[in-house]
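In terms of my numbering, the sequence shown is residues 225 to 651.
Think of the CB as a built atom: it goes at the ideal place given N, C-alpha and C, for glycine as much as any other residue.
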Amino acid sequence: MKLAVIGGGSTYTPELIDGIIKRHHRLPISHIHLIDIEPTKLMIIAAFAKRMIKAAGLNIEIEFGTDLAAGVRGASFVVSQFRVGTQAARHRDELLGRKYQLVGQETVGVGGFAKALRTIPVALNVARTIVAEAPEAKLLNFTNPAGLITQAIIQEVPQLTTIGLCNVPWNTRIEVAEAMGVSADEVTFDYIGLNHLSWIRGVQVGNQDRSLEAIKAFRSLTIEKGKPGDSPAWTQSSIDLLQAIPNYYLSYYYSEKAWVDYQSQHPTRASEVMKIEEVLIEKFKDEALVTKPEELMQRGGAYYSDSAAELMADIHTNAGTTHIVNTLNNGAVPGFPDDAVMEIPAVITSSGATSIKTTQMRGDIDSLVRSVKDFELLTINAAVTGNEDSALRALITNPIGPDISDARDVWADLRKENAGMIGLFNA
Numbered sequence: 225m226k227l228a229v230i231g232g233g234s235t236y237t238p239e240l241i242d243g244i245i246k247r248h249h250r251l252p253i254s255h256i257h258l259i260d261i262e263p264t265k266l267m268i269i270a271a272f273a274k275r276m277i278k279a280a281g282l283n284i285e286i287e288f289g290t291d292l293a294a295g296v297r298g299a300s301f302v303v304s305q306f307r308v309g310t311q312a313a314r315h316r317d318e319l320l321g322r323k324y325q326l327v328g329q330e331t332v333g334v335g336g337f338a339k340a341l342r343t344i345p346v347a348l349n350v351a352r353t354i355v356a357e358a359p360e361a362k363l364l365n366f367t368n369p370a371g372l373i374t375q376a377i378i379q380e381v382p383q384l385t386t387i388g389l390c391n392v393p394w395n396t397r398i399e400v401a402e403a404m405g406v407s408a409d410e411v412t413f414d415y416i417g418l419n420h421l422s423w424i425r426g427v428q429v430g431n432q433d434r435s436l437e438a439i440k441a442f443r444s445l446t447i448e449k450g451k452p453g454d455s456p457a458w459t460q461s462s463i464d465l466l467q468a469i470p471n472y473y474l475s476y477y478y479s480e481k482a483w484v485d486y487q488s489q490h491p492t493r494a495s496e497v498m499k500i501e502e503v504l505i506e507k508f509k510d511e512a513l514v515t516k517p518e519e520l521m522q523r524g525g526a527y528y529s530d531s532a533a534e535l536m537a538d539i540h541t542n543a544g545t546t547h548i549v550n551t552l553n554n555g556a557v558p559g560f561p562d563d564a565v566m567e568i569p570a571v572i573t574s575s576g577a578t579s580i581k582t583t584q585m586r587g588d589i590d591s592l593v594r595s596v597k598d599f600e601l602l603t604i605n606a607a608v609t610g611n612e613d614s615a616l617r618a619l620i621t622n623p624i625g626p627d628i629s630d631a632r633d634v635w636a637d638l639r640k641e642n643a644g645m646i647g648l649f650n651a
């Protein structure tokens, strides 16, 4: 069984390899092909992956290269984790937000918009190449903004089985379980929303509804973490008002001004990640290193290996388990379009993900989700048609986007900063 990893030169790749090693008894991958456009990093990551596999006593062949078609050919699974423009483009996105007193972030607001425009053309080319070279493959999309990119692929290349994935639901389950003093395996969520825009409305431990206890435990945990000088954190009153456990990224919407103020006084996250990646690459070069280093946890991909590898293992074994993934609504959330990709619980089988029927969203949640979904659809339309009006309307539709009076200036700067990287808008 073959796995292809697009963006295989990423510092996240050793996390993925670690997850595959741990689950090899359920996920008997025999061949991993790492694909990337940066040959030097790719060689370093591939060599480290080989050492990890050898140290684990497994017989998995590692190949690597820059040829997309050759890399995905015959794959059973393809993992997408690439970044168009590298961290340098992310850094510019963050600075663009700051220039206009907007949130500057990788996946939300103007930063998420810029990243999506760079990514959609490449993601669709990847998807069509998989259909041509590995038509039975399942695509697991981690490429950010994960929900929006998954929506674009499912909408434009519907014949490919695509599931969007994020490590935040997995991480949150572990955090909530630890705060409650229970095993994460016992915890299930009433989880609803979009990628990086989601709420946990209820928590069950075994067969017991322990939602109020979970929210209280999460509130205590977040207040304990929130120290003076840290980035904006959830307060007791904000969690009490929401009556839900919020996705971390919701704070960009609910505490927009605090984030704009914070970012004006701190370096970009991209600049921090670039420093972390320099350290990691040097670590990966060490031929004595055969397990993932502790520094990898600082990169922001905690439990990425678990969420990705567990999902692949459950697809391979037709497990019928529940995962929180990005997939078509298909009637799961009443009143929301069937063809909208949402981040919701789904049953995982050998055919992919089937969303689980749930209850209607509360009014305040519904309105925010609809606004962001409309932004996503306008962004996709702009990327695939080159329609500038769609791009401008996407910017002003986003709840943390620019005022209409600034939209054209933001758009002009974005095009300048991303020259040659935004598909139909490059001309």
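Alpha helix (DSSP H) segment containing residue i, residue limits
{"i": "A370", "result": "A370 to E380"}
{"i": "N554", "result": "Unbroken run through N554: none, as it is neither H nor E."}
{"i": "M521", "result": "That residue, M521, is in no alpha helix (DSSP H); it is neither H nor E in DSSP."}
{"i": "S579", "result": "No alpha helix (DSSP H) contains S579, which is instead part of the beta strand (DSSP E) from G576 to S579."}
{"i": "L240", "result": "T237 to K246"}
Test item: CB-CB of residue i and residue j under 9 Å
{"i": "L520", "j": "E239", "result": "yes"}
{"i": "S574", "j": "I539", "result": "yes"}
{"i": "G231", "j": "H257", "result": "no"}
{"i": "A631", "j": "L341", "result": "no"}
{"i": "A532", "j": "L364", "result": "yes"}
{"i": "I439", "j": "V427", "result": "yes"}
{"i": "K274", "j": "I253", "result": "no"}
{"i": "Q383", "j": "D563", "result": "no"}
{"i": "G417", "j": "C390", "result": "no"}
{"i": "K403", "j": "E410", "result": "For the record, residue 403 in the displayed sequence is Ala; it is not Lys. No, these two residues do not count as a Cβ contact at 9 Å."}
{"i": "G336", "j": "T492", "result": "no"}
C-alpha distance - residue i paired with residue j, whole-angstrom precision
{"i": "K481", "j": "Q432", "result": "39 Å"}
{"i": "S595", "j": "I463", "result": "22 Å"}
{"i": "G625", "j": "L326", "result": "7 Å"}
{"i": "G587", "j": "F599", "result": "18 Å"}
{"i": "Q487", "j": "R617", "result": "25 Å"}
{"i": "R307", "j": "T551", "result": "21 Å"}
{"i": "S234", "j": "I572", "result": "27 Å"}
{"i": "M276", "j": "P393", "result": "27 Å"}
{"i": "L648", "j": "G333", "result": "21 Å"}
{"i": "W483", "j": "I568", "result": "27 Å"}
{"i": "Y477", "j": "P623", "result": "7 Å"}
{"i": "I354", "j": "S304", "result": "11 Å"}
{"i": "K509", "j": "F272", "result": "7 Å"}
{"i": "L638", "j": "S422", "result": "27 Å"}
{"i": "A512", "j": "E287", "result": "21 Å"}
{"i": "A270", "j": "M585", "result": "44 Å"}
{"i": "E399", "j": "L466", "result": "19 Å"}
{"i": "P359", "j": "G309", "result": "28 Å"}
{"i": "V634", "j": "A338", "result": "10 Å"}
{"i": "T446", "j": "D530", "result": "23 Å"}
{"i": "I268", "j": "I387", "result": "29 Å"}
{"i": "A494", "j": "T546", "result": "33 Å"}
Endpoints, beta strand (DSSP E) assigned at residue i
{"i": "Y477", "result": "Unbroken run through Y477 is the alpha helix (DSSP H), S475 to Y478; no beta strand (DSSP E)."}
{"i": "A468", "result": "Here A468 belongs to no beta strand (DSSP E), and DSSP marks it neither H nor E."}
Per DSSP, the bridge partner or partners of residue i
{"i": "L364", "result": "V303 and I387"}
{"i": "L258", "result": "V229 and F288"}
{"i": "I416", "result": "W423"}
{"i": "P569", "result": "I548"}
{"i": "D433", "result": "Q428"}
Residue i Cβ short of 8 Å to the ligand HEM heavy atom set
{"i": "P252", "result": "As far as ligands go, the structure on display features none, and thus does not contain the ligand HEM."}
With 16 other Cβ atoms within 10 Å as the buried cut-off, status of residue i
{"i": "L436", "result": "exposed"}
{"i": "S407", "result": "exposed"}
{"i": "I244", "result": "buried"}
{"i": "E318", "result": "buried"}
{"i": "P345", "result": "buried"}
{"i": "N642", "result": "buried"}
{"i": "N349", "result": "exposed"}
{"i": "T237", "result": "buried"}
{"i": "G644", "result": "exposed"}
{"i": "H420", "result": "buried"}
{"i": "I628", "result": "exposed"}
{"i": "G559", "result": "exposed"}
{"i": "H249", "result": "exposed"}
{"i": "A651", "result": "Note that A651 scores 49 on pLDDT, short of 50, meaning its location in the model is unreliable and no value can be drawn from it."}
{"i": "A356", "result": "exposed"}
{"i": "G321", "result": "buried"}
{"i": "K362", "result": "buried"}
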